[in-house]
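Position one of the first sequence corresponds to residue 1333 (the numbering used here), numbered consecutively onward.
For each residue, glycine too, the CB sits at the ideal point set by N, CA and C.
Here the structure comes first, spelled out in structure tokens, and everything after it is commentary.
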Amino acid sequence: MDRSYSLKRHKEFRYTYARGRSHSMPLFTLVYAKSRNDSVRIGFSVSKRIGNAVQRNRAKRRMRAALTPMVPRISGGFNVIFVAKPDVLEAPFEDLGKQMETLLRRAGLMRDEA
RNA sequence: UGAGUAAGACAGACGAUCACGGCUCAAUUUGAGGUGAGGAAAGUCCGAGCACCACAGGGCAGGGUGCCGGGUAACACCCGGUGAAGGCGACUUCAAGGAAAGUGCAACAGAGAGAUACCGCCCGGUUUCGGGUAAGGAUGGAAAGGCGAGGUAAGAGCUCACCAACGGCAUGGCGACUUGUCCGUUCUGUAAACCCCACUCGGUGCAAGAUUGAAAUGAGAGCAUUCAAUAGUGGCCCGCUACGCUCUUUAUAAUCGCUUGAACGAUCCGGCAACGGCUCGUCUAGAUAGAUGAUCGUCCUUUGACAGAACUCGGCUUACGGCUUGCUCACCGU
RNA sequence: GUGGAUAUAGUUCAGUUGGCUAGAAUGCCAGAUUGUGGCUCUGGAGGUCGUGGGUUCAAGUCCCACUAUCCACC
């Protein structure tokens, strides 16, 4: 996943949470808001409730790996945050990808191929 | 065989495909090569390096350490001893200086908590009392060193034997201390109560700090052209330094610092050991929302414990998986 | 990264310089009052003083280590 897509600054996270809308599934909550750029910018939020540093890092890695194949199909002009819930560590890897896709479709951020 | 005790090393291994952070080379957005977490990276409890502020200065206040000798850059750490405590033992643990420098405290109980006489005992007197005494009783965590004999009106280290503690002297040891002498003395506990003594500690932390930029030549406030005020500067005072400076608010990017180091490995030498020395060899993460995942195959013993570097080292503490070896005790067999 | 605070009854808090049986309010339970409920009155129960060690005759209090929660600064 290219680094330029990632959402970094604390200000950007704050803006997205304040102005954005959200959808949720058992593994994640999706928060998204319109941005000034044309490209899509994605952040991952893993709170201390998930576990210690090892488990938080692992959660971020799994989420990043699951999302990478579908990045080109996400429509631009949005900031997107995935908030992890505790089950992310135990769930099978395919479920992560499936739930991400349904969340993005529900938010209307997926471009149809064809 | 079981229980215990001390020490040590390890932290799943190998391979395939697609991904991730540095680095090198090609090349110009891709490819190739090689590399990439720990014994605790953790807690942040100590000690240092490094950077800035005086070259880190003086005094008061405050903190830390506290048997002895050694190791170390330094330490509250480590090693070897001494003493005390625990354990049948191997062995382990100890904030282990000073209570005859001073002050405070010792609830309740008890007559009395470094000061006494309630019940007693003895002598005189004979309702009441005066004097002597501390053996016995009772209280308490602790009651004028313990126990026996002599002694006495009754008693008492008043005297003596044995023991204990403290001081002196001698002996061995660098020293803590040990052993002896019987010369002198009989002084409660508490210093993780204040305190005294010895040694020691300046402050802030890599968001330190340095360099190059950008942006308003922004806004508000303070002091003032000199003794000063303000800032560096931290709990206070002194001293030193700077001078159109300081504070608040708004806005704020990149590079360096950033990994070769009190480093690691091996032979030999010195030392009981911690550790030190000579020579040779090795290069071993450096990110900046922050790098190890997914899908399999084979093997051991299952889904493989605890857990992820953020300037760097030395310790301590806490979390945790199985394994090996020495030693001790108990039981059984020969 | 650095510094600080708190933990006591179900809940919110006291507990002074170590000392007698750890208190208060509220909530809970029982009884009285009422035709019934509330209010009110009376009585009662309820505590591993965050955890583990140590000092002391004696620890909620003093010391050390750990755990959890919260706050501040850059």
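Asn-1384, buried or exposed, once every other Cβ within 10 Å from all chains shown has been counted against 16
Within the first sequence, numbered from 1, the residue matching residue 1384 stands at position 52. Result: exposed.
Using only alpha-carbon positions, find the residue among Met-1442, Leu-1441, Pro-1418 that is nearest to Pro-1358.
Sequence index remark: in the first sequence, residue 1358 carries index 26 (1-based). Selected option, being the one with the closest Cα: Pro-1418.
Alpha carbon to alpha carbon, how far is Phe-1410 from Met-1395? Give it in angstroms, no decimals.
Taking the first sequence and counting its residues from 1, the one referred to as residue 1395 is at position 63. Taking the first sequence and counting its residues from 1, the one referred to as residue 1410 is at position 78. Rounded to whole angstroms, Met-1395 to Phe-1410 spans 19 Å at the Cα level.
Outcome for Met-1402 when other beta-carbon atoms lying within 10 angstroms are tallied against a minimum of 16:
Taking the first residue of the first sequence as position 1, residue 1402 is located at position 70. Per the 10 Å Cβ criterion, exposed.
Quick one: measure Cβ to Cβ for Gly-1447 and Tyr-1364, integer angstroms, because I've assumed they're closer than 8 Å.
For residue 1447 there is no data in the structure shown, the boundaries of the chain being 1333 and 1446.
Distance check for Leu-1428 and Arg-1420, CA to CA, integer angstroms please.
For this step, residue 1420 is matched to residue 88 along the first sequence. For this step, residue 1428 is matched to residue 96 along the first sequence. Going by the sequence as given, residue 1420 is Val instead of Arg. Roughly 8 Å separates the two Cα atoms.
Would Val-1386 be called buried (16 or more neighbouring beta carbons within 10 Å of its own) or exposed?
Mapped onto the first sequence, residue 1386 falls at position 54. With fewer than 16 Cβ atoms within 10 Å of its Cβ, Val-1386 is classed as exposed.
Where does Arg-1451 land, buried or exposed, given buried means 16+ other C-beta within 10 angstroms?
In the structure displayed, the chain extends from 1333 to 1446; residue 1451 sits before or after that span and is not available.
Ala-1391 - partner residues in DSSP beta bridges
Within the first sequence, numbered from 1, the residue matching residue 1391 stands at position 59. None; Ala-1391 has no bridge partner.
Lys-1430 versus Arg-1393: straight-line alpha-carbon distance, rounded:
Within the first sequence, numbered from 1, the residue matching residue 1430 stands at position 98. Within the first sequence, numbered from 1, the residue matching residue 1393 stands at position 61. Computed Cα separation, rounded: 16 Å.
Determine the direct distance from the alpha carbon of Ile-1413 to that of Arg-1390, and round the result to whole angstroms.
Counting from one through the first sequence, the residue named residue 1390 turns up at place 58. Counting from one through the first sequence, the residue named residue 1413 turns up at place 81. Approximately 17 Å between the Cα atoms of the pair.
Throw me the rounded Cβ distance for the Met-1442 and Ile-1406 pair, which I believe falls under 8 Å.
Counting from one through the first sequence, the residue named residue 1442 turns up at place 110. Counting from one through the first sequence, the residue named residue 1406 turns up at place 74. Right, the Cβ-Cβ distance comes to about 7 Å (below 8 Å), so this counts as a contact.
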